[in-house]
Amino acid sequence: MEVHSETMDLALRAQLLVLKLHLLAIVYHELKKGIGHLHPFLTNCHQLIDNAVSHFGHTDEPFAFNICGVTIYGLSRPEDVTDILDGASWTHGMDFEFFVFEVMQKFGVSPEEVERAKHTPKPGDALYIENDSSNPRHLSLIHFVQDLYKKQLLDSTNLDRMSKAFSSCLLEKLTSEHLDLYRGYPGSIGPAPSSAGREISLYSLVTRSMVDATLRCFFGPYLHEFEPDIVDQAIQFNTHAWILFYGLPDFFGYAPVCGPRDKLRAALRAFISLPEEQRSEQCLAFKHLLRRMEVMEMDMESRVGLLFLFFFASIANEQVACFWFMAHIVYDKELLDIARKEIEPAWQSGELDVKYLTSKCPGIDSVFNEMLRQRTNTFGWRIMKEKTVIRGKELLPGTPVLIPIRVLHTNQRVWGSDVEEFNTARFVKKTAARQPYYRPFAGGPTFCPGRVLAKRETYAFLAILLRRFDVKLLPSPGSPNGKQAFPLMETLRPPTGVKGPRPDMDLFLSLDERISEKQT
Ligand code: HEM
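Sequential numbering from -18 applies to the sequence shown in the working numbering.
Right, dumping it as structure tokens:
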């Protein structure tokens, strides 16, 4: 009798288990329907877009996908993308600022302060200050900040000062005594170079020295004093920033973006709290931005957020773009020889002439431009304000539009059948200025204000490294030709700027001193 009831019990439990599994399968399928293309978007977004383009027979028509019930339009026709970036008249129904406001909030600016930041002060308003010398045109905070970007990064005096300060930082850090800093990096799972300090990781060398110099140029020495590990925190934040950008859950602060974000925010908070006279080495833009936020009595966390966003824009692309630029040069003996030859005259006076470098070196230009063609995979975003018709297809108000800049640079019709190859010759035959669908720095109203500085800084890195060191690729005894494999780009996560190499890929170099720092 007992045996019988036990058998019954088991059968019942088995039936319940089957029922549970069945229910789980139904829930999973319903969830899958509900989240739409969320999974491919977060795990291989470029493939998702390529699939959409090929699904419609490469006709480059607008397409749509669905994420958790939200429809998103995608555009891939080079002419459409450049028109949107340039703000052509038919694109006036698309709004850009909406996304700026969203990103501000993701970086910690409160919704109330975002509202105040949009507001253009008018006589009689609380935010209107008669004879306001710091904001004579009475701009809203958003437009004040955009104006500051341009003053800091494009006005020739400020630009020259900043690029000089950047080169000085590199001159100080790219020396034999600092090479130990560049042997690996947190999170790297690639092979560590074998022994001597002369053997380094290219990724670590580029990102650590470029981020360090950027922090010092913008903030002076202060952030390093508040957070000694600030450089690696910024690099880690940049790697995981997509989690914040695309609004993924932070798992109660355990997501990998949270630690670096919180340490950066703490250092920024301490920096802002310093009296202005104790921040004398900060850049001009931050001095004016902090004064403006003080006048507006903005809350502290929102001040931190806005400063954080400004800083993030300056590291989101450049250090990783510089890694790829250097990787192509050190990997190819012919390019390395061209670079060595072209940089020599820039050192003629004994000091580095960055303006010469960025205007008189066509071979280096062709590597820089081709590298950016292949590596800029940023997404631009707009939101439809008004109904807009593109070749008979209606884009409806309220719907976000994804503008993948990458599709401009990967279109066979534009670049020819060797579009997948790294071929510097395409920018030798036709300079970047003559390529109508080449937009690594976007364009129009969102044209990157850091584009001139970015080029100067990247070329300065190359010129200092090659002047001081004999740079050689370490052999890779395990590989068939004894040469290290060229790193592949991490393309799976949605981008927030130029993407770095896959976590298990890097290039390892030996550096032999040619000219000591005392001679440069
Ligand atoms: C190779 C390096 C760089 C690349 C490829 C690059 C690319 C871009 C792109 C594509 C945008 C437009 C983003 C959009 O429309 O959503 C942008 C915006 C911006 N970039 Fe860069 N950038 C680089 C370096 C820099 C540097 C070094 C700085 C500052 C020091 C900087 C500051 C900015 C700022 C402040 C914006 C926002 C402009 C605005 O919203 O008005 N960028 N960048």
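Glycine included, every Cβ here is placed at the ideal spot set by N, Cα and C.
Exercise. Beta carbon of P430: closer than 6 Å to some heavy atom of the ligand FMN?
Worked result: Looking at this structure, you won't find the ligand FMN anywhere; what it does contain is the ligand HEM.
For this session: Report the partner residues of V452 according to the DSSP bridge assignment.
Result: L492
Exercise. By Cβ distance below 6 Å, which residues in the same chain neighbour Y203 in space, the five residues on each side in sequence not counted?
Worked result: F252
Problem set entry | Presumed contact (8 Å Cβ cut-off) between D61 and I445, rounded CB distance | The pair is not a contact, with the Cβ atoms about 41 Å apart (cut-off 8 Å).
For this session: Return helix, strand or coil for D76, following the three-state DSSP convention.
Result: strand
Exercise. Smallest Cα separation from Q416: which of E402, E375, L288 and N392?
Worked result: N392
For this session: Give the secondary structure of M486 by DSSP, where H, G and I count as helix, E and B as strand, and everything else as coil.
Result: coil
Problem set entry | Nearest to D210 (by Cα), restricted to the options L271, K244 and A194 | K244
Problem set entry | CB of V212 within 7 Å of CB of R242, strictly | no
For this session: May I ask you to report which of helix, strand or coil DSSP gives I384?
Result: strand
Problem set entry | DSSP beta-bridge partners of M470 | P482
For this session: Could you tell me how far apart the beta carbons of R363 and I65 are, in whole angstroms, since I believe they sit closer than 8 Å?
Result: 7 Å
Problem set entry | Touching by the beta-carbon criterion (3+ pairs, under 8 Å), the stretch 193 to 200 and the stretch 288 to 300 | yes
Problem set entry | Three-state secondary structure assigned by DSSP to E282 | helix
Exercise. Any heavy atom of the ligand HEM closer than 6 Å to the CB of L152?
Worked result: no
For this session: Leaving aside the five residues before and after N139 along the sequence, list all residues of the same chain whose C-beta is less than 7 Å from its C-beta, in chain order.
Result: K132, Q133 and L265
Exercise. CA-CA distance, E494 and E83?
Worked result: 48 Å
Exercise. From this set, A107, E78, V400 and S114, which residue's C-alpha is nearest K99's C-alpha?
Worked result: E78
For this session: Taking only heavy atoms of the ligand HEM into account, decide whether any of them is closer than 6 Å to the Cβ of L122.
Result: no
Exercise. Rounded to the nearest angstrom, how far is the Cβ of S57 from that of D41, given a contact under 8 Å?
Worked result: 5 Å
Exercise. For the ligand HEM, is there a heavy atom less than 6 Å away from the beta-carbon of L225?
Worked result: no
Exercise. Less than 6 Å between the CB of N298 and some heavy atom of the ligand HEM, yes or no?
Worked result: yes
Exercise. How would you call I181, buried or exposed, if buried means at least 16 neighbouring beta carbons within 10 angstroms?
Worked result: buried
Exercise. R118: buried (16+ other C-beta within 10 angstroms of its C-beta) or exposed?
Worked result: exposed
Problem set entry | F422: CB within 6 Å of a non-hydrogen atom of the ligand HEM | yes
For this session: Apply the 10 Å Cβ neighbour rule to R394 and answer buried if 16 or more other Cβ atoms are within range, or exposed otherwise.
Result: exposed
For this session: Label L376 either buried or exposed according to how many other C-beta atoms from any shown protein chain fall within 10 Å of its C-beta, with 16 as the threshold for buried.
Result: buried
Problem set entry | Cβ-based neighbour list, L186, same chain, cut-off 7 Å, excluding 5 preceding and 5 following | Y163
For this session: Return helix, strand or coil for R372, following the three-state DSSP convention.
Result: coil
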